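**Student:** In full-length UniProt numbering, the protein residues as written are 1 to 610.
What follows is a structure written as structure tokens; I'll ask about it next.
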């Protein structure tokens with residue numbers, strides 16, 4: 001057993017709640033821009049005083065509608081300004097926010113709103129409202145449904161005005177006094193529930209994680225203080241494009257308000273590149289797939305322009321330069337000169353794609369991989385990997401900006417403890433942890449023991465307290481020969497290839513390890529054009545020998561990380577990507593292994609029967 005901890009850098013207020021942050025900002029920095037809001041095609045700033053006023057106005061409407069302290073209020077929307085506005089308005093009414101993914105099915109909506117006992121729900125679109133209405137008869141406690149976009153966007157618009165629900169609540173609450181909303185804002189204390197976040201559910205029904213105001217204070221306060229150069233008031237900014245319904249997006253939202261730095265929102269990932277250029281954030285957050293796509297798209301563009309060789313040399317120099325930074329001698333003179341040349345030719349253009357101002361990013365959700373980690377640091381854009389779960393209010397470990405250790409997920413959140421149990425399981429302890437699963441005492445008892453949360457993840461700590469995650473206990477495969485195989489390491493490496501969208505390793509009880517692969521449908525046309533195969537149909541491309549040879553090279557690269565007994569001997573290519581709509585991945589992009597194994601049982605069988 002091994003454990004590591006760091007002292008807290010932030011003291012959680014004993015009797016405060018998260019609404020204190022917006023009141024403090026308005027009092028101390030009334031004219032400081034804290035929100036960047038897109039209107040009529042242009043970004044405009046909203047000051048701390050203006051943001052507080054809009055939150056209060058919406059909170060008054062919730063109070064006037066009969067929302068009581070402790071009531072649960074659903075919030076179903078894409079990532080947008082109104083998500084943050086209404087989240088703080090719900091808290092200011094003394095209520096508890098229950099996020100619902102905007103892609104949720106009526107059955108999922110029914111479970112989340114019904115299990116939480118929500119008395120109201122704010123939805124973004126008419127389609128969302130219809131989905132809620134279709135299960136309304138199962139939701140006896142649901143008294144109100146408000147639609148954010150009553151004037152939905154037409155062609156060419158990124159989003160509606162957001163003035164449906166917000167305007168209605170503001171009008172409805174006009175008779176509520178400032179004193180009333182101020183009193184209601186002070187009802188919750190640090191140990192009151194702030195939100196019930198339902199896990200995305202790779203197996204079974206989602207469980208509602210109860211996160212208190214203390215959880216967010218401990219989490220965000222220590223993140224902001226440890227990464228303070230990235231959270232400078234008046235200088236820093238972040239563009240949020242991950243789902244705020246997911247706890248990672250919520251962490252960034254609250255941390256931005258706590259710092260405070262300017263927070264922007266992007267609803268449509270198709271516009272992300274343009275919005276990064278317009279908003280120019282000083283910090284970016286994402287999941288590994290985002291950074292993989294940035295790298296793969298840049299390389300594909302270089303190849304298409306006849307500069308693939310230059311890009312590959314630049315990538316090699318970036319990786320070597322980053323690795324040299326971890327040595328006592330540092331980069332040699334020759335390496336520094338090459339790096340300077342490629343900075344002008346390649347690296348500066350890549351940084352411009354990411355907005356041009358950001359020097360750091362925060363990544364979570366899955367391992368980024370050392371190759372990409374060194375590449376991005378080498379171009380002057382360090383991706384700080386972290387690790388966490390909904391139950392840990394997002395990051396429970398992260399790499400410090402001044403001492404990142406690429407290939408790890410960093411050191412414990414200050415004020416918390418990480419322990420590696422005798423069987424290799426990662427255990428967590430700290431104020432940031434959830435207090436339990438809503439309406440599910442058995443699951444709570446199974447997960448929490450003497451204040452320690454059992455993550456189900458396997459990992460190790462090095463001498464400096466940096467954590468590495470090696471897999472999931474429940475995902476360990478045991479081959480017919482008795483070899484234990486953790487699939488995550490090789491899956492992540494194979495998936496980093498530009499052609500691969502998803503990889504699922506199989507082989508439990510089988511004579512060897514195999515894999516199911518899906519092909520990235522965005523990248524496939526580029527690959528076809530590069531290899532003179534534009535006339536082939538999608539099915540013909542997937543059966544193409546040259547494509548299979550490229551995928552074999554991706555598998556061979558993944559196999560270099562593991563022993564022969566753990567390596568992928570054979571693979572099958574599926575005819576479409578895994579999606580949330582197909583039921584094979586969760587909204588947070590986690591693979592539903594049991595569902596994939598069931599739906600593609602014939603393909604798995606073919607691996608071992610051919």
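Where is the CB? At the ideal position from N, CA and C, for every residue including glycine.
Every value quoted in this text rests on a predicted model; they were computed, and no experiment measured them.
Return the CA-CA distance between residue 566 and residue 475, expressed in angstroms with no decimal places.
**Tutor:** Whole-angstrom Cα-Cα distance: 14 Å.
**Student:** Between the C-alpha atoms of residue 53 and residue 322, what's the straight-line distance to the nearest angstrom?
**Tutor:** So the two alpha carbons sit approximately 46 Å from each other.
**Student:** How many Å lie between residue 207 and residue 437 at the Cα?
**Tutor:** Their backbone Cα atoms lie some 6 Å apart in a straight line.
**Student:** At what residue ranges does the stretch 268 to 308 contain a whole run of the alpha helix (DSSP H), taking only runs of 4 or more?
**Tutor:** Qualifying alpha helix (DSSP H) stretches, in chain order: 272 to 279, 288 to 304.
**Student:** Quick check: the Cα distance between residue 61 and residue 428, rounded to an integer number of angstroms?
**Tutor:** Using only the alpha carbons, I get a separation of about 40 Å.
**Student:** Let me know if residue 521 comes out buried or exposed under the rule of 16 or more other beta-carbons within 10 Å of its beta-carbon.
**Tutor:** Residue 521 comes out exposed.
**Student:** Do residue 59 and residue 95 have their CB atoms nearer than 7 Å?
**Tutor:** Taking 7 Å as the Cβ cut-off, residue 59 and residue 95 do not qualify as a contacting pair.
**Student:** Please state the DSSP three-state secondary structure of residue 455.
**Tutor:** DSSP places residue 455 in strand when its eight states are reduced to three.
**Student:** Assuming the contact rule is C-beta atoms closer than 8 Å, residue 489 and residue 457 should be a hit. Round their C-beta distance to whole Å, please.
**Tutor:** Residue 489 to residue 457, Cβ: 13 Å. No contact.
**Student:** Ordered along the chain, which non-local residues of its own chain (more than five positions away) have a Cβ less than 7 Å from that of residue 44?
**Tutor:** Only 37 meet the Cβ criterion.
**Student:** Please report the distance separating the alpha-carbon of residue 174 from that of residue 80.
**Tutor:** Answer to the nearest angstrom: the Cα atoms are 25 Å apart.
**Student:** Could you check if residue 463 is buried or exposed, using at least 16 other CB atoms within 10 Å of its CB as the buried criterion?
**Tutor:** Burial call: exposed.
**Student:** When we look at the beta-carbon of residue 405 and count the other beta-carbons within 10 Å, is it buried (16 or more) or exposed?
**Tutor:** The residue is buried, with at least 16 neighbouring Cβ atoms inside 10 Å.
**Student:** Once the 5 residues before and after residue 29 are set aside, which same chain residues still bring their CB inside 6 Å of it?
**Tutor:** So the qualifying residues of the chain are 48.
**Student:** In chain order, what residues of the same chain lie with their CB nearer than 7 Å to the CB of residue 191, ignoring the 5 residues before and after it?
**Tutor:** Contacts found: 212, 214.
**Student:** Write down the C-beta distance between residue 300 and residue 523 rounded to the nearest angstrom, noting that I regard them as a contact closer than 8 Å.
**Tutor:** Confirmed, Cβ separation roughly 7 Å.
**Student:** Per DSSP, which residues does residue 198 bridge with? Please list them.
**Tutor:** Bridge partners of residue 198: 208.
**Student:** From 237, 407, 580, 262, pick the residue whose C-alpha is nearest to that of residue 364; which is it?
**Tutor:** When only C-alpha atoms are compared, the closest one is 407.
**Student:** Output the distance between the C-alpha atoms of residue 188 and residue 71, rounded to the nearest integer angstrom.
**Tutor:** Straight-line Cα distance between these residues: approximately 12 Å.
**Student:** Using the beta-carbon count (16 or more within 10 Å), is residue 155 buried or exposed?
**Tutor:** Confidence at residue 155 is low in this model, with a pLDDT of 34, below 50, so the placement of that residue is unreliable and no value is reported for it.
**Student:** For the stretch 75 to 91 against the stretch 237 to 251, are there 3 or more C-beta pairs whose distance is under 8 Å?
**Tutor:** Yes: the two stretches touch, three or more of their Cβ pairs being nearer than 8 Å.
**Student:** How big is the Cα-Cα spacing for residue 153 and residue 382?
**Tutor:** Confidence in residue 153 is poor, its pLDDT being 44 and thus under 50, which makes the residue's placement unreliable; the coordinate value appears in the next sentence. About 37 Å.
**Student:** Using a 10 Å radius around the Cβ and a threshold of 16 neighbouring Cβ atoms, would you call residue 344 buried or exposed?
**Tutor:** Residue 344 comes out exposed.
**Student:** Which residues does DSSP list as the beta-bridge partners of residue 45?
**Tutor:** According to DSSP, residue 45 bridges with 36.
**Student:** In terms of residues, what are the limits of the beta strand (DSSP E) holding residue 387?
**Tutor:** 382 to 389 is the span of the beta strand (DSSP E), which, as asked, contains residue 387.
**Student:** Between which two residues does the alpha helix (DSSP H) containing residue 491 stretch?
**Tutor:** 488 to 495 is the extent of the alpha helix (DSSP H) around residue 491.
**Student:** Any idea what DSSP makes of residue 217, helix, strand or coil?
**Tutor:** Here residue 217 sits in helix by DSSP.
**Student:** Measure the C-alpha to C-alpha separation of residue 1 and residue 101 and round it to an integer number of angstroms.
**Tutor:** Rounded to whole angstroms, residue 1 to residue 101 spans 38 Å at the Cα level.
**Student:** Strictly by DSSP, which residues pair up with residue 621?
**Tutor:** With the chain covering only 1 through 610, there is no way to say anything about residue 621.
**Student:** Please classify residue 127 as buried or exposed, where buried requires at least 16 neighbouring CB atoms within 10 angstroms.
**Tutor:** Flag for residue 127 reads exposed.
**Student:** What is the C-beta distance between residue 448 and residue 418, in whole angstroms, given that I count them as a contact (C-beta under 8 Å)?
**Tutor:** Actually they are not in contact, since the Cβ atoms of residue 448 and residue 418 sit about 16 Å apart, beyond 8 Å.
**Student:** Taking only three categories from DSSP, how would you classify residue 316?
**Tutor:** In this structure, residue 316 counts as helix in the three-state DSSP scheme.
**Student:** With H, G and I counted as helix, E and B as strand and the rest as coil, what does DSSP make of residue 577?
**Tutor:** The answer is coil: DSSP assigns residue 577 none of H, G, I, E or B.
**Student:** Quick one: Cα of residue 170 to Cα of residue 178, how far?
**Tutor:** Their backbone Cα atoms lie some 13 Å apart in a straight line.
**Student:** Under 6 Å Cβ to Cβ from residue 424, same chain only, skipping five residues before and after it: list those, please.
**Tutor:** Answer for residue 424: 458, listed in chain order.
**Student:** Check for me: the beta strand (DSSP E) holding residue 258 runs from which residue to which?
**Tutor:** Run containing residue 258: none in the beta strand (DSSP E); it sits in the alpha helix (DSSP H), 247 to 258.
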